[in-house]
Every structure is written in structure tokens, then in C-alpha cells.
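Asks: Residue numbers (our numbering): 40 to 459.
Here a beta-carbon is modelled for each residue, glycine too, at the ideal position from N, C-alpha and C.
Quick caveat, the model's predicted, so the values are computed rather than measured.
I have a structure I would like to understand better, so I am pasting it below and will then ask my questions one at a time.
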């Protein structure tokens, strides 16, 4: 019988402390997956017993768990670890004994909204160990708690931390809703950080949703196309490139998502054009040359999102050609720069797409021995998606092998990892 089944109920909080120390020990030993599993148990247990065991001891253990996860989740996901706590003091790096040695009453520091933050940190932790479905599952808990709290500031924070996980898991309505609300809230805020917080406290989400059409909502919708619609479109393209059984189903669902939103859109012209372009690409009603012409036209009109979508279509049509790599190198510096704060979009959406294009070209056009080809293919196929600058590192051997000519600024992006 598992030890957890024989622990008396009144000792549950002590047992959770022991689990927390074990989770820290695994993390310190570099066993991140085991640490994640333990902290899943810790947080689930804390939330399950909150109603019957909410007291000073619960708050203390919860607070140190939140503190610990704030640091560990950032480090494991290769994000910037926190250096200061909210009162300006130094952020203590988790250590063995952090639960046992810190017995001070922390009741005055607890807020119910911290339940959403701790579950959001579990999402980030799951992302760090490349369990993207668990990241999504924890994000749902975070969003539910944030919505129930009625606190717009917390909802905005959770959207910023967790919004990408519904996108990566192709949860269409959820990802669009979260992205639109996040983009709308941010487009309505201005001034210093303190002024933005003050504005946020005065915003009513129901009122915000009825302010369409407006210039601020137009900006929010443009941003949503960039941070959500383009990644979803890349997933659809990837499904077609892999010839998955659900490829048409995924496209029709994506198409329906856009068409259903048009009636509620602030900028209906934007969404109608978007629906037309993505449909023409998937249904192959437009040629490669026309896509390049449209991409150039959109570039001249400063419609970057549509330019990127057309380039993605051209890459999709050119999968076995060197030009697919050239257009990847033209389009992806903008995407990697845009998504650097939501790195999981790069890891789980951009990287698989780029790998497919690179591998297809190598298998089709490589000139040399089978051994040399397999060496390059193995290098790309076994690539660690969590490494820094993964897109460039996948493309480098392909560009070198085929001696593909690229501009100087693209060389700086590809080899020196310079943002452009």
C-alpha cells in the first residue's frame, strides 16, 4: 500500500511538506521530470484540502510551495529566474529544508488569487519538462481560478503566462478567446506600470467586449492574428505536411473558427481577408508566384501578418525545394523574435514545421553517400527542442549543405543568432 494511503488525515500537511522537500531534492539533482511529478502531487493535495484545512499552517506551506515553484519553473523552462520578491527583498533560491526551517506565520501575505499563480507556475514547469498536455491541463485550472476571482489583473497575468498552451494543443475556441481578451486588455492600457495597474482595476470585461468596433479593438485583433492565428495555421500546415488523418478536420475547424468570429469582429475586413487567404492556400487556389507577389504587396502595405501567412503558404507549396529554406529564413526571424517570451510556441509549433521542411529537402535533393545523409538527418531529427535558438540550429546544416545564398542580415540571424 502506498505510504500516502496510511498517513492519518491530520498529518496531511506534514506529509505535503515532506513531498515538497523531496521535489526540491529531485530538482537539485537535475531530475526535473521527477521533481515535476512530486510538485504536481503537492499542489493538488494543497488545493484539495484547502476547504477543510485552511489555516496558518496551510498558508505557510502553500506560500513556500508557491515561492519554490516560482523559481524552479522559471529555471527548468529556461526563463529568467526571479531575483526579488514583491516587497523588494531578495528572492531566496529554494534549498533543502526551506519548509522545515521557515515556520513564520505568513497569513498576511496570502491572497486567493495566488491559487491561480501557483497553478500557472505548474503549467510553466510542465512546459519545461516538455509535457505540453500537462502544461495545458494546469493552465485550465489557472484560468478557472482567475475567472472565478473576478480579478482582471490576475486574469491578465495568467493569460500572459499560459495563453500559448491552448494554442499548442489546438484548442481553438479557448485559444482565440484568451488571446482576444489578453490583447484587448493590453491595448486599452497605457502609461507607467503603476498607471496600467490602476487602469486595469477600473476596466470591466463585459463593458470591454461591447466597445467594438474601435481602433483599440482593431489593434487587439491584429495582435491576436500574430500570437494565435499564425501559430494555429502553422499547426494546420504541419498536419498536411505529415499527411495526418485529421488534416482536413483540423483545417475545417480552423476555418470555422475564423468565419464564426467575423460577426463579432471589430475589423471585419481583416478577418474576411484572413479567411480568404488561408482557404486559398490550403485548397490550392493560388500559385507559388501569386503568394510571393501578395507577400511583397502586403510588405509594402506594412501588413506584416498577412505577409508572413503568404510566405508560409509559399513554403508549404515549396517543401522539396531550396526556396522553401530561403523563405523560412525570410519569415522566421520575425516569428522567433515575436515569440521569444512564449518560447513554447517556438518549441512545439515552429520547430516541428521547420524540421519537416529541412528533412524533406534533404531526403529529396541531398547529393552524397547514404551515411552522410543519415548523419545530417539524425542530427536534425534528434535535435533537443529546448536548446537556445533551435530554428537557426536546424537550418544551419541545410544551408551549409546546399550552399544556399542568403543576405548578410539573415546570416547574422542564422549563425550569430542576432535579432533582426
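Ordered along the chain, which non-local residues of its own chain (more than five positions away) have a Cβ less than 7 angstroms from that of residue 437?
Replies: On the chain shown, position 398 is the one that residue 437 refers to. Contacts found: 364, 397, 400, 401.
Asks: Below 8 angstroms on the Cβ atoms is my contact criterion, and I expect residue 221 with residue 199 to pass it. Report the Cβ-Cβ distance as a whole number of Å.
Replies: In the chain shown, residue 221 corresponds to position 182, counting from 1. In the chain shown, residue 199 corresponds to position 160, counting from 1. Sure, about 7 angstroms apart at Cβ, within 8 angstroms.
Asks: Buried or exposed for residue 264, going by 16 or more other Cβ atoms inside 10 Å?
Replies: By 1-based counting over the chain shown, the position of residue 264 is 225. Buried: at least 16 other Cβ atoms inside 10 Å.
Asks: Any idea what DSSP makes of residue 190, helix, strand or coil?
Replies: As a first step, residue 190 must be located in the chain shown, where it is residue number 151. Coil.
Asks: To the nearest angstrom, how far is it from the Cα of residue 104 to the Cα of residue 385?
Replies: Walking along the chain shown from the start, residue 104 turns up at place 65. Walking along the chain shown from the start, residue 385 turns up at place 346. Approximately 29 angstroms, taken between the alpha carbons.
Asks: Quick one: is residue 135 buried, meaning 16 or more other Cβ sit within 10 Å of its Cβ, or exposed?
Replies: Counting from 1 along the chain shown, the entry for residue 135 is found at position 96. Answer is exposed; the Cβ neighbour count stays below 16.
Asks: Counting along the chain, where does the alpha helix (DSSP H) carrying residue 441 start and finish?
Replies: In the chain shown, the residue the question calls residue 441 occupies position 402. Segment 429–441, the alpha helix (DSSP H) holding residue 441.
Asks: Once DSSP output is grouped into helix, strand and coil, what is the label at residue 306?
Replies: To locate residue 306, count along the chain shown from 1; it is residue 267. Looking at residue 306 - three-state DSSP - the assignment turns out to be coil, as it is neither helix nor strand.
Asks: Which same chain residues, not among the five before or five after residue 435, have their C-beta less than 8 angstroms away from its C-beta?
Replies: Looking up residue 435 in the chain shown gives position 396. Hits under 8 angstroms: 453, 454.
Asks: Flag this pair as yes or no: are the beta carbons of residue 290 and residue 271 separated by less than 7 angstroms?
Replies: For the purposes of this step, residue 290 is identified with residue 251 of the chain shown, where counting begins at 1. For the purposes of this step, residue 271 is identified with residue 232 of the chain shown, where counting begins at 1. Contact: no.
Asks: What's the call for residue 40, buried or exposed, on a 16-neighbour Cβ count within 10 Å?
Replies: As a working note, residue 40 is residue 1 in the chain shown. A caution first: residue 40 carries a pLDDT of 42, below 50, which makes its placement in the model too unreliable to give a value.
Asks: When DSSP builds the beta bridges, which residues end up paired with residue 129?
Replies: Within the chain shown, the letter at position 90 stands for residue 129. According to DSSP, residue 129 bridges with 123.
Asks: Hey, how far is the Cα of residue 99 from the Cα of residue 86?
Replies: Locating residue 99 in the chain shown gives position 60, where the first residue counts as 1. Locating residue 86 in the chain shown gives position 47, where the first residue counts as 1. Answer to the nearest angstrom: the Cα atoms are 14 angstroms apart.
Asks: Taking the CB atoms as reference points, tell me whether residue 375 and residue 301 lie closer together than 7 angstroms.
Replies: As a first step, residue 375 is located in the chain shown; it is residue number 336 there, counting from the start. As a first step, residue 301 is located in the chain shown; it is residue number 262 there, counting from the start. Contact: no.
Asks: Let me confirm a value: residue 448 is counted as buried when at least 16 other C-beta atoms fall within 10 Å, else exposed. Which label applies?
Replies: Here residue 448 refers to the residue found at position 409 of the chain shown. Exposed, since its Cβ has fewer than 16 Cβ neighbours within 10 Å.
Asks: Roughly how many whole angstroms lie between the Cα atoms of residue 458 and residue 155?
Replies: By 1-based counting over the chain shown, the position of residue 458 is 419. By 1-based counting over the chain shown, the position of residue 155 is 116. Going by the C-alpha atoms only, they are around 33 angstroms apart.
Asks: Consider the Cβ of residue 93: report whether some Cβ of chain C lies at a distance smaller than 7 angstroms.
Replies: Here there is only one protein chain, and chain C is not present.
Asks: Near residue 82, what residues of its chain come up, given a Cβ to Cβ distance below 8 angstroms and the 5 sequence neighbours on each side ignored?
Replies: By 1-based counting over the chain shown, the position of residue 82 is 43. So the qualifying residues of the chain are 104, 108, 157, 158, 161.
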